Amino acid sequence: MATDLIDACSPDNTVGNCDADNDGLTNTEEATAGTDPNVADSDGDGLNDGEEINGVDDPATPIVATGTSDALDACSPDNTVGNCDADNDGLTNTEEATAGTDPNVADSDGDGLNDGEEINGVDDPATPIVATGTSDALDACSPDNTVGNCDADNDGLTNTEEATAGTDPNVADSDGDGLNDGEEINGVDDPATPIVATGTSDALDACSPDNTVGNCDADNDGLTNTEEATLGTDPNNADSDGDGINDGAEVVGDVNNPTDTDGDGIIDALESTTTDTDGDGVADQGDATNTDPCSPDNTAGTCDADGDGLTNDEEAAAGTDPNVADTDGDGLNDGEEINGVDDPATTAVASGVSDPNNICDPFTTDSSCATDSDGDGLTDAEEATLGTDPNNADSDGDGINDGAEVGGDVNNPTDTDGDGIIDALESTTTDTDGDGVVDQGDATNTDPCSPDNTAGTCDADGDGLTNDEEAAAGTDPNNEDSDGDGISDQDELNSGTDPNNADTDGDGLSDGEEVMIGTDPNNADSDGDGISDGDESTLGSNPTNSDSDGDGISDGEEILDENGNVNTSDCDNDGIPDYIDSDSCDIVVKPGFSPNGDGINDLWIIQNIELFPNNKVELYNRWGHKVFTALSYANNWDGVSNVKGVISSGDKLPVGNYYYIISTGQPNSMPFNGWIYINY
């Protein structure tokens with residue numbers, strides 16, 4: 009029978025050193041532990057048996073606890089596992105999650121029936137519960153919530169006590185003040201509530217003991233605290249916006265649609281009729297934009313109508329136009345000139361207070377005032393618009409004056425390569441991307457592959473190597489994987505493999521294949537067992553493990569013969585190659601046998617015949633007549649003829665010598681022949 013020489017469980021997965029379920033324990037270890045050798049997780053708790061026995065949690069499982077646990081206990085090491093019954097109430101954790109009961113408390117509602125009895129509809133006769141039948145495991149008053157000692161609303165008072173107090177036994181907080189009836193009647197505040205006051209209060213008074221309760225009206229303005237919280241008004245101040253009008257009056261009747269006179273999203277109760285926040289002459293309650301002095305009218309003195317940094321009042325005092333940011337059109341806005349500080353967002357050069365006696369003061373618009381600080385033929389204002397440097401006649405440093413590069417029309421400056429960068433800002437001498445084309449004529453001057461991908465600094469094939477680097481390495485600059493082994497040229501150079509040789513170490517596997525299976529593409533025999541990685545892949549052994557089947561014999565010893573050649577011949581299928589196996593596979597025929605039924609030598613035994621399952625055995629008498637034949641002979645013949653002829657089929661052969669011919673059924677194998685003697 010064919011076996012797998014690299015599989016310790018072949019041909020039989022019941023042997024002791026086999027790990028039949030791949031849980032890290034051999035069958036022998038599982039037998040000792042009492043776990044199932046054919047189930048990796050015997051108790052189904054998410055840890056395989058090997059992890060539990062050896063005390064190491066698998067990080068791929070959700071189990072948090074680390075340490076030795078019981079591989080046969082579903083609740084070990086973690087009682088949160090679905091099939092665990094953590095509280096022993098007859099329901100698994102999963103069933104409790106479905107039912108909404110507590111998996112760690114056997115009687116979730118404390119009514120004397122455990123959750124399993126209630127869910128499954130069977131009362132425990134050992135409990136004092138009288139009624140029988142399915143009840144609610146989460147209802148403290150189940151099966152009857154009307155009895156006097158039941159607390160139907162869970163407020164700390166029984167139904168009888170609530171009847172005496174006049175509170176509602178089915179509502180925990182009868183007056184809705186945030187304290188349940190038990191807290192108010194017994195004078196003890198629940199620390200889980202926001203109520204501050206402690207002591208006995210009136211369970212039927214909404215504002216007792218605390219006036220912050222939702223349905224209480226603490227400031228008597230006609231709105232409850234809850235309504236004020238919704239509206240955003242102050243529940244402790246009857247006039248939240250201080251305009252002399254009560255909040256309730258400003259809301260006007262419908263709390264869900266409070267009055268908003270100016271439609272700005274701020275209700276009248278929060279917007280004063282006496283305050284003018286933006287100083288535009290309109291009170292906030294009637295001003296939809298009460299933080300903008302320019303709305304609803306940009307003529308207000310506090311408004312800066314032209315956005316130059318001066319209010320209308322300040323512009324009136326200075327004599328500038330409140331609706332024009334740069335009254336004299338010199339490139340500095342009025343605020344910069346009046347205040348003597350240049351706006352860093354502009355390219356204006358002059359800083360400081362303007363000279364009222366200078367023709368270029370902020371109120372002069374004469375064209376003779378236009379300044380050209382660097383004498384390049386462009387005014388400073390034009391340079392500010394173009395983005396050139398008003399103090400440098402050659403902004404891009406290419407030896408050509410900015411004015412000459414702009415051309416005749418400042419509004420349509422020259423852009424030779426049409427890349428959106430004008431010539432005055434793009435040099436005729438600089439080649440930023442090193443592609444041989446100067447920036448002023450290169451529309452993509454940050455891409456060395458444009459307009460021509462043959463430039464040395466270009467990476468034409470996108471493999472991470474420039475054309476110059478590929479030329480030095482001898483690789484193809486237009487093919488990212490020059491040798492077609494599945495690894496880019498750059499990765500090969502980085503890892504030390506040959507980007508021009510698909511199989512760097514010559515082991516029969518391409519470099520890409522070696523990377524995928526984890527072998528070393530620079531080492532023909534990655535595991536050092538004497539067999540190349542390519543041969544191991546062909547033979548089925550592990551090229552990264554020198555002893556693939558873990559039997560203590562290296563793959564090289566098992567597969568290579570004494571001459572170092574691959575030889576897997578194993579005639580007796582015992583996993584030991586013939587060339588080192590002391591067991592013989594030769595056919596050995598005993599010279600005779602005595603099929604007389606005495607239990608001694610009654611069958612014709614041919615040694616090692618079982619190693620050749622396709623064998624054929626024939627027996628002839630001394631006159632050449634066939635008296636017995638068998639295919640796949642199994643050492644079970646007792647001397648009875650099975651061939652019609654000289655004697656009847658079914659009769660024992662007479663005493664004498666017989667000639668045998670035995671064929672093994674293997675290709676190119678010669679038959680065995682000779683004589684045996686039958687005696688009774």
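Anchor point for the sequence shown: position 54 equals 62 in our numbering, and the numbering is continuous, going up by one each time.
C-beta atoms are modelled at their ideal positions from N, C-alpha and C, and glycine is treated no differently.
Computed from a prediction, not measured in an experiment: that's the story for all the values here.
Contacts around residue i, its chain only, beta-carbon distance under 7 Å, and the 5 residues preceding and following it disregarded
i	result
residue 509	491
residue 540	515, 516, 532, 533
residue 422	413, 414, 415, 430, 431
residue 679	669, 670, 671
residue 306	313
Best match in the options for proximity to residue i [C-alpha to C-alpha]
i	options	result
residue 112	242, 95, 650, 253	95
residue 592	606, 608, 566, 619	619
residue 164	156, 191, 173, 60	191
residue 494	471, 594, 478, 445	471
residue 278	260, 240, 596	240
residue 260	606, 252, 249, 275	275
residue 284	225, 251, 126	251
residue 185	482, 225, 171	225
residue 439	463, 422, 416, 391	463
residue 643	635, 100, 631, 601	601
residue 445	430, 524, 40, 465	465
residue 656	673, 633, 677, 674	633
residue 327	390, 346, 337, 676	346
residue 40	118, 30, 47, 61	61
residue 104	127, 118, 121	127
residue 525	423, 553, 536, 537	553
residue 404	389, 437, 428	437
Assumed close pair residue i, residue j - CB separation to whole angstroms, cut-off 8 Å
i	j	result
residue 551	residue 685	Incorrect: roughly 55 Å between the Cβ atoms, too far for contact.
residue 314	residue 331	5 Å
residue 35	residue 24	6 Å
residue 629	residue 654	7 Å
residue 57	residue 38	7 Å
residue 320	residue 308	7 Å
residue 329	residue 323	7 Å
residue 468	residue 507	With a Cβ gap of about 15 Å, residue 468 and residue 507 do not count as contacting.
residue 232	residue 223	5 Å
One or two residues paired with residue i in a DSSP bridge
i	result
residue 671	624
residue 685	600, 665
residue 615	596
residue 165	Answer by DSSP bridge pairing: none, since residue 165 is not bridged.
residue 639	624
residue 446	The partner list for residue 446 (beta bridge, DSSP) is empty, contrary to what the question assumes.
residue 634	628
residue 660	648
Cutoff 8 Å; reference residue i; Cβ partners in own chain excluding five residues on either side
i	result
residue 8	For residue 8 there is no data in the structure shown, the boundaries of the chain being 9 and 688.
residue 83	53, 89, 92, 93, 94
residue 235	263
residue 280	249, 250, 251, 291, 292, 293
residue 17	23, 26, 27, 28
Contacting residues, own chain, Cβ-Cβ under 6 Å from residue i (five flanking each side not counted)
i	result
residue 681	669
residue 132	With a pLDDT of 40 at residue 132, under the threshold of 50, the modelled position of this residue cannot be trusted, and the question is left open.
residue 27	34
residue 625	638, 641, 670
residue 528	534
residue 556	14, 549, 550, 563
residue 202	With a pLDDT of 44 at residue 202, under the threshold of 50, the modelled position of that residue is not reliable, and the figure given next carries that caveat. If we look at residue 202 and ignore the five residues flanking it on each side, it has no Cβ neighbours.
residue 675	none
Within 7 Å, strictly: CB atoms of residue i and residue j
i	j	result
residue 435	residue 402	no
residue 531	residue 513	yes
residue 505	residue 489	no
residue 343	residue 382	no
residue 499	residue 473	no
residue 617	residue 609	no
residue 647	residue 603	yes
residue 663	residue 649	no
residue 227	residue 246	yes
residue 159	residue 180	no
residue 627	residue 666	yes
residue 109	residue 123	yes
residue 255	residue 229	yes
residue 157	residue 166	yes
Check: residue i C-beta below 6 Å from any heavy atom of the ligand MN
i	result
residue 102	For the ligand MN, the structure offers nothing, since it holds no ligand at all.
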